[in-house]
Ligand code: ADP
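Numbering (our numbering), first residue to last: 4 to 247.
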């Protein structure tokens, strides 16, 4: 569904990605972890065609990203944006705006658009908040609204950048069970940038450890066993919160 092959990217003289290669298969949950500044956000932006790599190839659904046009197949939830409490849009309006890629800017939303938005809110469990102003919601709820917005276009691949920063622990657990449901029941393939090593080592099917170059790419168990995590974070121990 997504593939990077020997991808490099530099901001001026500063190299942010160095010869990164990885593949995401249908049904995967790929966790991308790495220290601050290790290139995680850059990797997502390169995958989305927002940044053009200086070397290598990026493909989405088998097509070079520069030629890729089926953007309704890909959802992106950027790092948390805090909405001002006075921001005038209702939750349902934010969610249906996720359909504008399909509808075309300026075209009125159809019954199918409204139905897709309704269903996205239902999947996310926010139907009861549909008429509330987004700025009045908690940051965890706002984050869910942004995911519903991404889901409204019916993506097969969803990219999430640090989705739980600033979200309290209980809301995080709800959020992770939502991601599991999206993957298992709705069949959405996920790429998740995260600082939460506890989650990624338990829940993802593949792990990419990034430090400008790819330090490790494989199963989470192998990452722990091989010492890749300890090496990357230069530590022998970290706290893992288990759900059980
Ligand atoms: P991460 O998401 O892992 O924290 P980023 O991809 O944001 O890392 O950044 C990787 C490196 O690129 C960092 O050293 C950062 O300072 C640099 N960088 C990111 N965005 C820009 C930019 N717009 N201009 C210049 N340097 C940038």
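From the three backbone atoms N, C-alpha and C, an ideal C-beta is built for every residue, glycine too. Computed from a prediction, not measured in an experiment: that's the story for all the values here.
Relative to ligand 1, the beta carbon of residue 230 is positioned no closer than 7 Å to any heavy atom.
By the criterion of at least three beta-carbon pairs nearer than 8 Å, the region 108 to 124 is not in contact with the region 172 to 184.
Straight across, the Cα-Cα distance linking residue 18 with residue 125 is about 42 Å. Distances from the CB of residue 19 to the heavy atoms of ligand 1 include at least one below 7 Å.
In this chain, the beta strand (DSSP E) harbouring residue 21 covers 17 to 27. In this structure residue 203 is in contact with residue 36, their Cβ atoms being roughly 6 Å apart against a cut-off of 8 Å. In the DSSP assignment, residue 45 falls within the alpha helix (DSSP H) that extends over 43 to 50.
In this chain, residue 128 is not harboured by any beta strand (DSSP E), its DSSP state being neither H nor E.
The beta carbon of residue 52 sits closer than 6 Å to the beta carbons of 68 from its chain, once the five residues preceding and following it are set aside; these are given in chain order.
Taking a cut-off of 8 Å for Cβ pairs, the region 88 to 104 and the region 19 to 34 do not touch, as fewer than three such pairs fall below it.
For residue 186, the number of other beta carbons within 10 angstroms of its own is at least 16, and it is reported as buried.
Contact between the region 47 to 66 and the region 134 to 145 is not established, with fewer than three Cβ pairs separated by less than 8 Å.
Short of 7 Å from the beta carbon of residue 215, and not among the five residues preceding or following it, lie these beta carbons of its own chain, in chain order: 18, 19, 20, 21, 41, 42.
Cα atoms of residue 195 and residue 179: separation of roughly 11 Å, rounded to the nearest angstrom. Between residue 153 and residue 80, the gap from beta carbon to beta carbon is short of 8 Å. Relative to ligand 1, residue 39 has its C-beta within less than 7 Å of a heavy atom.
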